[in-house]
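Same order as they appear, the protein sequences are chains A and B. For the first sequence, this note's numbering assigns the number 1 to the initial residue and increments by one for each residue that follows. For the second sequence, this note's numbering assigns the number 215 to the initial residue and increments by one for each residue that follows. What follows is a single structure, written as structure tokens, with notes after it.
Protein chains: 2
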Amino acid sequence: MPRGKLITIEGIDGAGKTTLAAGLLSALQTRGVSASRLREPGGVRAAELIRDFVKDPALRIGARAEALLYAAARAQLVEEAIEPLLAGGDWVLLDRFVDSSLAYQGAGRQLGIEAVQAINEFATASLTPDLTLLLEVDPHVGRRRLEGRGAPLERLEREEDEFFFRIASAYAALAAAAPERIAVIDGSQPPAAVLHAAVEAIQRRLMLPAGQSG
Amino acid sequence: MPRGKLITIEGIDGAGKTTLAAGLLSALQTRGVSASRLREPGGVRAAELIRDFVKDPALRIGARAEALLYAAARAQLVEEAIEPLLAGGDWVLLDRFVDSSLAYQGAGRQLGIEAVQAINEFATASLTPDLTLLLEVDPHVGRRRLEGRGAPLERLEREEDEFFFRIASAYAALAAAAPERIAVIDGSQPPAAVLHAAVEAIQRRLMLPAGQSG
């Protein structure tokens, strides 16, 4: 049994990651790929509890503690879910992974990309995605999409605009530094076009079995 | 206002840390030192919640996630309580700090002292104790004291003997590598003798105001 592939989906809030993950799961399964979809933070019991914890606006959590909590949730998700799935030959679609922490905590919270990278190498035992799909949208577009959901914005989502611009720039810099791993997709396109671009990126880079596109 | 001093108390479970911390708080206050006593993991709301979480035997938490959760709790404690106290001139007595993670996670769980040190430098923004009191007892003595409490042993405490011997060895190695910071005290002595030795170590190293001993 060949080891499965890890595909991560990244981008600012409102970029369309969840929609893409759902579409991609169907597209992979249509091609006969056994695939699982997970989200961060969460995916396993301890990580879901950490998720609730980090997102609780009533709780005082500093930037360093926040980065370490995300890393802890990630460590448990890797050990308990991702590694066993990959070892069993499954492909894993993951909504956010290390790049999110580099962008949000390293750049957004200004803790430093390298320091956050070091913590996350420890957390993941250096697991690196086979492919990362980065959905790029103008931060203002992302913000409008979030507001359109009508749901109360969570703590991170209420941060000021400048924070989101730092994150978007960090994502762009990460993609420029690792073009062999990170495929940049224009997230302002309609969902079907985003999905099509994602499937093409997967076919080009991971030798996905051919099949009906999108 | 001169910055306060950070004194950490370390040792295996059952070494007598809590008893010493209580005695030391009185001894410092008797000498006119404004001192606070904190414990790890815990001391502030988010850290207490993380403490409950890590100690819940029903929850599946791997070694890496555990080390990161302890570091997250520590980061919040440093930012929210320890740094403000020290800045205000208070002395802080802290039951466990970074050395605990080096010994328990680095050596006990075999994650590596250096990797755990790196995470903790991030967590604490490199805050280092002015003095560390290491209570040394034979691991079997520690175990018997814990059993004598009659309370159900928590998850960490139920680990096998070899784990505790690795921790005791790591503590000894840390003390040997940093004799200027770590004072080793024989924890098998009666509590009053342990307290006397601790007060002497503080007087010798931190210029504690003179006063009645113990």
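No residue lacks a Cβ here, since even glycine has one placed at the ideal position from N, Cα and C. Computed from a predicted model, the values in this text were never measured in an experiment.
Check: Run through DSSP, which three-state label would residue 113 of chain A get?; Outcome: helix
Check: Could you list which residues in chain A have their beta carbon closer than 9 Å to that of residue 276 of chain B, in chain order?; Outcome: 46, 75, 76, 78, 79 and 80
Check: Taking Cβ positions, are residue 122 of chain A and residue 275 of chain B nearer each other than 8 Å?; Outcome: no
Check: Ends of the alpha helix (DSSP H) at residue 194 of chain A?; Outcome: 191-206
Check: Can you confirm whether the stretch 295-313 of chain B touches the stretch 77-91 of chain A when touching is taken to mean that 3 or more C-beta pairs between the two stretches lie within less than 8 Å?; Outcome: no
Check: Consider the Cβ of residue 301 of chain B: report whether some Cβ of chain A lies at a distance smaller than 8 Å.; Outcome: no
Check: Cβ atoms of residue 282 of chain B and residue 125 of chain A: under 8 Å apart, would you say?; Outcome: no
Check: Please report how far the alpha carbon of residue 58 of chain A lies from the alpha carbon of residue 1 of chain A, in whole angstroms.; Outcome: 47 Å
Check: Taking the CB atoms as reference points, tell me whether residue 317 of chain B and residue 388 of chain B lie closer together than 8 Å.; Outcome: yes
Check: Leaving out five residues before and five after residue 17 of chain A in sequence, what residues of the same chain have Cβ atoms less than 8 Å from its Cβ?; Outcome: 9, 10, 11, 95, 96 and 135
Check: Quick one: which unbroken beta strand (DSSP E) runs of 3-plus residues sit fully inside the stretch 48-102 of chain A? Chain order, please.; Outcome: 91-95
Check: Can you give me the start and stop residues for the alpha helix (DSSP H) that residue 381 of chain B sits inside?; Outcome: 375-391
Check: Buried or exposed: where does residue 263 of chain B fall if 16 or more other Cβ atoms within 10 Å of its Cβ makes it buried?; Outcome: buried
Check: Which residues, in chain order, does the stretch 103-123 of chain A contribute to contact with chain B at a C-beta distance below 7 Å?; Outcome: 115, 118, 119, 122 and 123
Check: State the DSSP-derived secondary structure class of residue 245 of chain B, mapped to helix, strand or coil.; Outcome: coil
Check: Is it true that the CB of residue 172 of chain A sits closer than 8 Å to the CB of residue 131 of chain A?; Outcome: no
Check: Could you tell me whether any Cβ in chain A is nearer than 8 Å to the Cβ of residue 263 of chain B?; Outcome: yes
Check: I'd like the list of long-range same chain contacts for residue 415 of chain B, defined as Cβ closer than 8 Å, with 5 residues on each side in sequence excluded.; Outcome: 345, 347, 397 and 399
Check: Note the first and the last residue of the continuous beta strand (DSSP E) segment covering residue 136 of chain A.; Outcome: 131-136
Check: Locate the beta strand (DSSP E) running through residue 186 of chain A, then write down its first and last residues.; Outcome: 182-186
Check: Which residue comes first and which comes last in the beta strand (DSSP E) that contains residue 223 of chain B?; Outcome: 220-224
Check: To which residues of the same chain is residue 351 of chain B closer than 6 Å at the C-beta, ignoring the five residues directly before and after it?; Outcome: 229, 401 and 402
Check: Can the beta-carbon of residue 315 of chain B be found less than 8 Å from the beta-carbon of residue 285 of chain B?; Outcome: yes
Check: Mapping DSSP to helix, strand and coil, what is residue 250 of chain B?; Outcome: strand
Check: Secondary structure at residue 342 of chain B, three-state DSSP: helix, strand or coil?; Outcome: coil
Check: According to the neighbour-count rule (16 or more other Cβ atoms, all chains shown, within 10 Å of its Cβ), is residue 29 of chain A buried or exposed?; Outcome: exposed
Check: So with Cβ pairs under 8 Å, would you call residue 267 of chain B a contact of chain A?; Outcome: yes
Check: For residue 217 of chain B, which residues in the same chain have their Cβ closer than 8 Å to its Cβ, ignoring the five residues on either side in sequence?; Outcome: 300, 301 and 303
Check: Which bits of chain B does residue 71 of chain A rub up against, with CB to CB less than 7 Å?; Outcome: 282
Check: Taking 8 Å as the CB-CB cut-off, is residue 59 of chain A touching chain B?; Outcome: yes
Check: Rounded C-beta distance between residue 287 of chain B and residue 259 of chain B? I'm assuming under 8 Å.; Outcome: So it is not a contact: roughly 11 Å between Cβ atoms.
Check: Within the 8 Å Cβ cut-off, does residue 241 of chain B reach chain A?; Outcome: no
Check: So residue 307 of chain B and residue 235 of chain B are in contact, right, with Cβ under 8 Å, and what is the actual spacing, rounded?; Outcome: 5 Å
Check: Please return the same chain residues whose Cβ sits closer than 6 Å to the Cβ of residue 116 of chain A, not counting the five positions on each side in sequence.; Outcome: 67, 101, 102, 105 and 106
Check: So residue 384 of chain B contacts chain A; which residues on that side make the cut at Cβ distance below 9 Å?; Outcome: Simply none; closest approach about 18 Å.
Check: For residue 343 of chain B, tell me which candidate among B:359, B:412 and B:312 has the shortest Cα-Cα distance.; Outcome: B:312
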